Structure formats: C-alpha cells, structure tokens
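Residue numbers for the sequence shown, in the numbering used here: 1167 to 2022.
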Amino acid sequence: MNQDVDVAVVGAGFSGLYLLHRLRQAGLSAIALETGDDVGGTWYWNRYPGARCDVPTTDYTFSFDPALEDAWTWSEKYATQPEILAYLRFVADRYDLRRSIRFATTVTTAAWDDTAQRWQLGTNNGTPVSCRFYVMASGCLSAPKPPEIEGAKDFAGPTYLTSRWPHEGVDFTGKRVAVIGTGSSGIQAIPLIAQQAAHLTVFQRTPNFSIPALNGPAPAATVALLERDRAAYREKARWTPVGMPRQRPAEYSWQLSEAERRERFERGWMSGELGGLSTAWADAVSDVDGNALLSEMIRGKIRDTVTDPATAEALCPQDHPFGSKRPCLDTGYYDTYNRPNVKLVDLRREPIATITKSGIRTAKANYDVDAIVFATGFDAMTGAVLAVHPMTGRGGMKLADAWADGPKTYLGLTVAGFPNLFLVTGPGSPSVLANMAVAIEQHVDWIVDRITGMRDAGHTTIEATETAQAGWSRHVADCTGLTLHRLANTWYTGANMRGKARGVMPYTGGLGAYRGICDEVVRRDMLGFRLGDASGNTTCNDGEVVRLQPDVRLLLAEMAKLNLPAMESLGADAARAFTIQARASRPAGRPVGEITDGTLPGAGGPLRYRLYRPATPGPHGVVVYFHAGGWVLGSHDSDDPLCRDLCRRSDMLVISVDYRHAPEHRFPAAAEDGYAAVRWVAQHAAQIGGRPGPLVVAGYSAGGNVAAVTCQLVRDRGGAEIAGQLLLCPVTDHDFTRPSYSENAQGYHLTKAMMHWFWDLYCSPADRSDPRASPLRGELTGLPPALVVTCEFDPLRDEGIAYAEALAAAGVEVSQLRARGHIHTSLAMVDVIITGVAAREQMARAIRRFAERRIR
Ligand code: NAP
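1. Determine contact between the region 1758 to 1768 and the region 1886 to 1896, defined as no fewer than three beta-carbon pairs at a distance below 8 Å.
2. Is any heavy atom in ligand 1 found nearer than 8 Å to the beta carbon of Glu1314?
3. Should Ile1346 be listed as close to ligand 1, given that the test is whether its C-beta is under 8 Å from any heavy atom?
4. Could you give the DSSP three-state label for Asp1964: helix, strand or coil?
5. Where does Tyr1866 sit, in a helix, a strand or coil, going by DSSP?
6. Do you know whose CA, among Arg1255, Arg1265, Ala1233, Gly1305, lies nearest Gly1177's CA?
7. On the premise that Thr2001 lies in contact with Asp1717, defined as a C-beta separation below 8 Å, what is that separation, rounded to the nearest angstrom?
8. Is the separation between the beta-carbon of Ile1521 and that of Ala1355 shorter than 9 Å?
9. In three-state DSSP terms, what is Leu1808?
10. Helix, strand or coil: how does DSSP classify Val1171 here?
11. Going by beta-carbon coordinates alone, are Val1472 and Thr1367 separated by less than 9 Å?
12. Kindly confirm or deny that the region 1895 to 1903 and the region 1814 to 1828 touch, where touching means at least three C-beta pairs closer than 8 Å.
13. Comparing alpha-carbon positions, which option in Gly1966, Thr1626, Thr1618, Thr1956 lies nearest His2055?
14. Rounded to the nearest angstrom, what separates Met1167 and Val1345 at their Cα positions?
15. Taking C-alpha atoms, which residue in Leu1983, His1990, Val1998 lies nearest to Ala2005?
16. Could you tell me the boundaries of the alpha helix (DSSP H) in which Asp1936 lies?
17. In terms of residue numbering, what span does the alpha helix (DSSP H) encompassing Ala1988 cover?
18. Report all residues from its chain with a CB closer than 6 Å to the CB of Gly1796; omit the five preceding and five following residues, and keep chain order.
19. Is it a yes or a no for the region 1438 to 1452 touching the region 1630 to 1640, going by three-plus beta-carbon pairs under 8 Å?
20. Using 10 angstroms around the beta-carbon of Gly1800, count the other beta-carbons present and answer buried if the total reaches 16, otherwise exposed.
21. For Gly1624, I'd like the list of residues in its chain whose CB is within less than 7 Å of its CB, leaving aside the five on either flank, ordered along the chain.
22. So, with DSSP's three-state summary, where would you put Thr1325?
23. Give a yes or no on whether the C-beta atoms belonging to Cys1219 and Gly1349 are separated by under 9 Å.
24. Give the secondary structure of Thr1208 by DSSP, where H, G and I count as helix, E and B as strand, and everything else as coil.
25. Out of Leu1391, Val1955, Ile1628, which one is the CA nearest neighbour of Asn1703?
26. Does the distance between the C-beta of Trp1285 and the nearest non-hydrogen atom of ligand 1 fall short of 8 Å?
27. Quick check: the Cα distance between Pro1483 and Gln1878, rounded to an integer number of angstroms?
28. Classify His1609 as buried or exposed, calling it buried when 16 or more other Cβ atoms lie within 10 Å of its own Cβ.
29. Between Gly1583, Tyr1576, Leu1577, Ser1229, which has its C-alpha nearest Ala1566's C-alpha?
30. Grab the span of the beta strand (DSSP E) containing Lys1509 for me, first residue to last.
31. How long is the line joining the alpha carbons of Gly1179 and Ile1683, rounded to whole angstroms?
32. Kindly list the residues whose CB is nearer than 6 Å to the CB of Arg2022, restricted to its own chain and excluding five residues on each side of it in sequence; keep chain order.
33. Answer yes if the region 1528 to 1543 comes into contact with the region 1324 to 1331, meaning at least three C-beta pairs across the two stretches below 8 Å, and no otherwise.
34. Could you check the C-alpha separation between Ser1595 and Ala1174 for me, to the nearest Å?
35. Just mark Ile2033 as buried or exposed, buried being the case when its beta carbon has 16 or more other beta carbons within 10 Å.
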C-alpha cells in the first residue's frame, strides 16, 4: 500500500511549511515527511544557548500573507531560537498544516519510476509514498558534520552537538566545559556557557570575524519604512542582492581618505548588522585590497577589546578576507576572553592530538573537562540532500554519483537526470548568501507555479537538460569570480568536510538578479527544461539562460533602462559630448605613481598624450597606447581607468597618445599619427623616464587598429623597435559579413550600425582595403609578437580572431585571449566589470613579457 500524493516534501521548516500552504491552495495533494517530532527545521534542532538568527526580524519573516504579518509581532531585532520556533508553530497552526505532516519520519529511499512517471519513497515510519513531484525542503545546514576528531567516543563525560541540543537544556553550573569550534554557533554559545560554567576552554582552529549584534528593539528606520508601505518594502527586498533593502555605497576605498574610511567603518561596526561592514565601501567584499583595509580595522577592534595580547592575536583572522567565510554577529564574544574562567586554545599552535577519557589532549597539553560541546558545523548544502537517503533518478542514476565531483544543478532548483525533483535553496541558488526567508519564498513560489503550470498544460514530467545545467554551472562559477569566497576554506566551498569536492556552492550573483533569471527561464518557454506528457511526448527549448558574464549582464540591463539614443543618430560632436558625460560617471581608476599630460609631434601637428608612471622606481619599460572610439570619439585620457590598470599591473610606463579624429581628419590621419607617435616615443623614451629600447604598442578597438597598423608601418619604414603588440578588440577589416557582426549586431553596446557609421566617417569605401585601414589585408610577416584579445559578444570578435590567425599563419608569434561572456566595452570598464580582471591581468603579463624578453 502506498500513500499517493501529487507532491511529497522532505522537511517541515520554513520551506516545507510554505510549500504545504501553497500546494494546498493550488489544489494539489501533498505530504511533508519530517524527522523531527515538530515543525521548525533548523529552529527545531539548534537549541544551544544563545541560538539566534542574525538577520533582523523585520526581514527574517514570511511575507506571503499580510494578515500573517499583522497577526505576529517579533519582540526584538534578532529573534531567539525559541521565539522563531514559536513563530513556525504559529504558522503551522494558523494554516492548519500539521495534518499534512508525518512527523518522526525519515525518508529511507527515493527512486524515480520512469514508467509510472512518479517518485517512490520508502520511509522508516508508515506506508511508502508515491508522488508525482518530490521536493527537498531539507535545508542547507541540517546534516551535522561528524566531529572527525580521534578519540571522540572515548570521552567519559557528556558531549553535545550544538545542532542536536537536548530539548530540556543543559546545566553547566560548576562544570569544566570545552567548546570545539568558533563558527556562528560557537560564537553565540561561548559567552553564555562561560557565564554558567566553572571554567570554559575554547578550542579554536580558525578565528572568525565577528561584529557586535547590539540586539534590542527592531531598528527604527526599518520599522518606519515597513509602517509607511510594507508591501513596497517587501517587494523591494525581493529584488535586492541579499533579500533586504539596504543602501549600497558608490565610493571605492581608494576614493576615500583614511579619516572617511574610519568614519564609515565605525558606523558599520555600530550598525549591529552584518551588512553594515560589507557595505562600508564599494569594494569592501569584492576586492582583496578594499577588503584588507576593512579586515585590519576589525582586527584593531579585537585587539582593543581582548586584554591579553597573545589571546587577542590568536582571535584575529589572518587567513581569509572578511566576508569570504560567513562572519558572525555576537553578544560579548570577544569580551568573554577577558573573563578569568575562560581560556582560548589556539589549535594552529597546538592541534588536538586526541580526545581522551578525561578531556582533550593537544600537541602541548592535556585539558581535563567535564563536558564537551561540538560546535563543529554541518555537511552544508549537499549534506541534507545526499545524506537523507539514497536517491536514484532516470536509469537508476544515483544522485551521489551525479554529484561526486560537486553538486550540479540547473538554477539550484533541479538536477538533470532527476525528473520532477525540486530542491528548495539547493546548491547553485542564492540560499545561504541571502535572507533565507525571502530566498525560500521565491523558490517555493517558482516550484508551485511550475507544477500548476504543467498541470494546466497537460505535462507530467519536467527535467533540466545537460546543456542548461552545464551553462548554469559556468554562470555560478563566473559569479563566484566576483566575490572573495573562493579565497577561504569554508563550508561554502565544501572545505570543512574531509573528502568533499571543492567549489563555491551557493550562487553569489545576488537574489534579485537570480529571481530575474528564474523568471526569464519561464518567459523563454521553459528554457533548458524538457517537458513530457503522459503519452511520452516531450518538448524542449534547450539552451543556456545566461551566457554573458554576470556583471556585464547587469550593466546591460541597467543601460537598457536608460533608453540611450543610438550614437550614430547624434552626429560626431553630440556623440563626443555624450561620451565625455558618460565617462564622468564611471569610477576614476586607481592611483598610479604619477600622471602627467603633454604633447608630442604627430604627422599633422601636436598630439596630446597622458603618461602613467608606476609607483615603483624606474626606468620602466614603455607602452604606447591608442584609445578606443571608432576613429571619431575619445582622446588621450578617455581610457584612463584601463591605462591606470595596465600601468599598475604591468609595472610599465603607459603613454596614451591621441590621434586625429574623423570626420575632420579622415583616413589615413589616425594611422600616420600612430606611426609618428611611436617614433617620437622611441626617440624620447629616456627623456620621459622610460627605459630606452624596444617599445610595446597597445590599442583598443579603433586604437587597436591604429596599433596594428603602426606595427606594420614601423616594420616597413623603421624608426622604432617594437617588442610586442597588444590588440584589444581591434578593428582589422572592413568586412561586415563575418558571423559576429550578425550575431552581435545590437544589444551589446557596440552595434553594427555604429561600426558602419564609424567607417563612413573615417574612410571612403575606395580606401578601405588599404592595409592602413584594414591591417588584415596587409603583409603580416615580420611583425612583432602579439596578444589579440577578443570578446564573445562583440561585432568585432571574428575580425580580431581572423587577424590573430592570419598573424600565426604568417609566422608571427601570437596568442589569443577569447574573453567568454564579455562585450566590446567590458574589459576596459575597470572596477565596473570585475569579471574582466583575469583578462586585464593576462594583458598586463603579456606586455611585460614582451618588454622583458627584449631586454635579455
Ligand atoms: P561552522 O561555521 O562550520 O563552524 C564550525 C567550527 O568548528 C569552525 O570554527 C571549524 O573550524 C570548527 N571545527 C570543525 N571541525 C573541527 C575539528 N575537527 N577540530 C577543530 N575545530 C573544528 O559551523 P556553525 O558555527 O554551526 O555555523 C554554520 C553556519 O550556520 C553559519 O555559518 C551560519 O550560516 C549558520 N548559523 C547561523 C546562525 C545565525 O543566524 N546566527 C547561528 C548559527 C549558525 P574551521 O573553520 O577551521 O573549519
């Protein structure tokens, strides 16, 4: 006998409860299977002293029913575990959900039956369950990690796991207690255990960043916003990166004085919110340098608080940037180490050798204790899904095998090969990096809407395709590159578990962006899903939902909102004024040693230049750089952030030289100016503080055209020695029929229409095959080594690749960098398009290598 339902759900925490409610509202039969004997999930299990949520109650609450919000009042800013558990019980009762929950029940097997198109679940309590859809609402942090410490079973006294705390509580009065672990759980429990116990020894392997929670009433400003318009506040939260409307700073650390940074830091520290510090400046958690300033200020607070210098130093995190590992909010954590009954044992200096009958032995000492608390964390994100039971999908494929090298999902919601399986806040979704209440509501709504949509359309199965899943994995990894999470060994990456595959598991692209992507999948005809019906017919609109780099995608979306006029419709003067105005709003670029402006003689009169000198002692190798702008726009300082970046990363002197622009000065003015400028710089390298000898020539877009042409002219006419050429998205030919011109004709900033306009202003059709306009058509032998950089979504992509291939065919040493997911302008958008860092780093390495090879 089976219990037949439309949907079976594992778990009765936040996710399971809301799922049951929505499924029932949609007229679907459902059951939740819950190991605990009550609702609550995380908040049922984690009853250790001090357990609280560190997301404010104004935000960590269901928002699907305004009447529920009216009916419940939170007592303080950060709710305790008992209060949150009481809330979830209240929710279960209010919506009469308990009758659909089988408590004290663990799923022991789950197998997809392809013939019946149903999941078959075995349980340890009651009849098996047959369901059309199977939803894992089992939480991200619910499978405790084994202590993994030798001798743990030998200890004679009681041991406690923070995540499996006795319901009746524990009295430590008069006891010597050990706590192992200083993550969020340990940091919350330690101050309270210290107050009660006779003595507390904390065994710390990795110190964590923690900031004061300053708990109290809910923040007045947020309460006022909610009172003014709760619906608007909630809707705004849904589209924010972390599920909470908060101010995001525009200024980067290097744009602020030390005093301004200190002022912002102190404000963040006293905000009593994790976001208070991560938003101190724009690069606080996205850039190593911006983060280092912040991390050091936090360490200063720890040193100011903890009186024993050695203990303070041991508590200072040094091995990971702030935010890369989940930071904590605490109440009196660092002060606790000033108590006479508390000792910190730094396991980096004296690792645990074994747990003994009477306590813990480290490499240096024996610590006898009466009780041990393991605050050692979880097998996060995948643990609950894999450990609950063996799960087999289509063709008997085991989920454990499918995920052997790390979890693979589409949208964090579904898994290829596992039809009709949904994960709530699964790996590859924002989940733990967002306010879970908001993340959960989004997932549940999406899942239930899909199930009802399928029912209405007569579909019985849904399954992610391999293409969509692989594309999503790439996108998740691209997003990770925008953050510092990859730099820390944490449960986010699986590093806390022996033998677990490594990789940042949560989606770091932000909840709002993610919500937009999930909606887009639906709008694009269920992109990346195969839908089937009872007769075995399937439909599939296969593809990858995000192919652009995440920050490029966001930038294009923002630009689309501005409804900017087409550049080619403006006329040259207005287009120039427009680009100057647009540039004023971008980050200024980071400081270099020195910036000076000057002029040098061009082919038709003086040309302005801007010289970027590194902060290191010279003389430096010299790069002559030509700016972008379709031979029409731009100037010696228009690519300022890129030139600063090249200068800083390559430690070379970059001289950005202007050239005459069309339509006032048509072909071959730009080309001849390029040649004249390089000759002049070669002759005056020492005078401008550069190292005499071969130069590197670089250029971007039309400037890449000028650079490529200049290298050909220097080869033919002499006048300079060139060590190498860096061509970033260069114009190399006047042929508009290459596929990249049609694939990327519009929508990616530089358009086909703009390129037509530029060419028309610069060069008459009769001259366009001249190699000084289309270097691809010139003689290519004997040219200096080159790095040719092309961007996937650029009309100029294919002519750049064609140039690189033609150079190689002509025997020139050439390497290519094909920037996946980038557009024509993105690599030059320093500090805006962070995913361009790796490419910019590679470009800098290349020009440095060109220069150095010629010195030897
Ligand atoms: P955690 O952050 O993974 O911390 C586990 C701690 O135990 C770490 O300090 C870890 O050291 C240490 N540890 C693990 N195995 C060890 C061993 N064999 N020997 C010595 N030390 C060992 O786990 P958690 O504190 O339970 O927190 C997990 C997550 O739950 C948090 O990051 C947070 O997202 C969530 N949480 C939230 C709240 C809240 O809302 N306030 C409260 C609690 C938990 P290493 O770092 O060296 O591995």
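Note that the Cβ used here is the ideal one computed from N, Cα and C, for glycine as well. Predicted, not measured: the structure shown is a model, and the values here were computed from it.
Looking at the atomic coordinates:
1. no
2. yes
3. yes
4. Note: Asp1964 maps to helix in three-state DSSP.
5. DSSP places Tyr1866 in strand when its eight states are reduced to three.
6. Gly1305
7. 5 Å
8. With respect to the 9 Å criterion, Ile1521 and Ala1355 are not classified as neighbours on the basis of their beta carbons.
9. helix
10. It is a strand residue.
11. no
12. no
13. Past the boundaries of the shown model lies residue 2055; the chain is included only from 1167 to 2022, so the question cannot be answered.
14. 48 Å
15. It is Leu1983 whose Cα lies nearest to the Cα of Ala2005.
16. Looking at the DSSP string, Asp1936 is not in any alpha helix (DSSP H), and its letter there is neither H nor E.
17. Before going on, a small fix: residue 1988 reads as His here, not Ala. Segment 1980 to 1989 is the beta strand (DSSP E) holding His1988; no alpha helix (DSSP H) there.
18. Ala1868, Phe1924
19. no
20. buried
21. So the qualifying residues of the chain are Asp1699.
22. Strand, per DSSP.
23. no
24. helix
25. Looking at the Cα atoms, Ile1628 is the closest of the given residues.
26. no
27. Taking the straight line from one Cα to the other gives about 54 Å.
28. buried
29. Gly1583
30. 1508 to 1512
31. Spanning the two alpha carbons is a distance of roughly 26 Å.
32. Unreliable positioning characterises Arg2022 in this predicted model, as indicated by a pLDDT of 48, which lies under 50. A coordinate reading is not provided.
33. yes
34. 21 Å
35. Residue 2033 lies beyond the residue range present for the chain, which begins at 1167 and ends at 2022; the question has no answer from this structure.
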